[in-house]
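Residue numbers (my numbering): 3 to 276.
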């Protein structure tokens, strides 16, 4: 078993211990970002809780009456949950950056700089995912859940604060992370690891994959899954065409289109056979 792997920058092998050191640095950076995010959120727990409960108002619920605490230390655990999940949400772009640096250790300095330039896109897409989830997904998802409770004869007049907060924060994080699909595609396309012709030929597989991905990240209701899968597919198509135009600018599109075009020698063979 080899203890080293090729290093793309020098052409030499990179010792296994150096990979462990890369892992250590990535973990320190990711954990540091999470801790910093949690510290920031700890000062705004009441404001975050108020923001999370506003979708209830759209459904005609009064948060102070609808949400309840059933435990003496309920407030402490709710605050802890808010700090942890909110800190994870705001630090997710940085954590994803460190993950990307580690899983692609052979990048050159120019390629690492390219990933750094995409950081602004990461943050913008993450915020877009949060906004879509908060304004367009959470209210209908909550409405469906409450209606389901009523249909099967359960009392929906009060629910636990911890359950509600965890549900909303997990949904927000899922949408923020799922909206990073274009960044992953664009980085891989810029590195030449994927091509637009491959992406065009895999549309049906992508649709199935996105539905499965949405099913794993969202609550078990069809509406929420579709509300996640649809924008992800739109982002997939947008990324596909961005990669195509980049290939076209580099002159790579001719080869890509040639792979999709019929082979002219086959036509000649057919005419000869006739």
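Even glycine gets a Cβ: it sits at the ideal position worked out from N, Cα and C.
Excluding sequence positions up to five away, which residues of its chain have a Cβ less than 8 Å from the Cβ of residue 73? Annotation for residue 73: 79 place their beta carbon closer than 8 Å to its own, counting only its chain and skipping 5 residues before and after.
Roughly how many angstroms separate the alpha carbons of residue 241 and residue 159, rounded to a whole number? 44 Å
Exposed or buried, residue 178, counting other C-beta atoms within 10 Å across all chains shown (16 or more means buried)? With 16 or more Cβ atoms within 10 Å of its Cβ, residue 178 is classed as buried.
Pull up the DSSP beta-bridge partners for residue 161, would you. 69
Could you tell me whether the stretch 141–149 touches the stretch 49–62, using the rule of 3 or more Cβ pairs below 8 Å? Output reads yes: the stretch 49–62 touches the stretch 141–149.
To the nearest angstrom, how far is it from the Cα of residue 187 to the Cα of residue 91? Roughly 22 Å separates the two Cα atoms.
With a threshold of 6 Å on Cβ separation, who are the neighbours of residue 226 within its own chain once the five nearest residues in sequence on each side are excluded? 143 and 220
Three-way DSSP call (helix, strand, coil) for residue 120 in this model: coil
Under DSSP, the alpha helix (DSSP H) around residue 224 begins and ends at which residues? Start and end: 224–252.
Contacts around residue 50, its chain only, beta-carbon distance under 7 Å, and the 5 residues preceding and following it disregarded: 43, 84 and 88
Exposed or buried, what is residue 56 when buried is set at 16 or more other beta-carbons lying within 10 Å of its beta-carbon? exposed
Can you list the alpha helix (DSSP H) stretches of 4 or more residues lying completely in the stretch 31–103, in chain order? 47–60 and 65–68
Quick check on residue 255: does DSSP put it in helix, strand or coil? Because residue 255 carries a pLDDT of 49, less than 50, the predicted location of this residue cannot be relied on, and the following value inherits that uncertainty. Three-state DSSP puts residue 255 in a helix.
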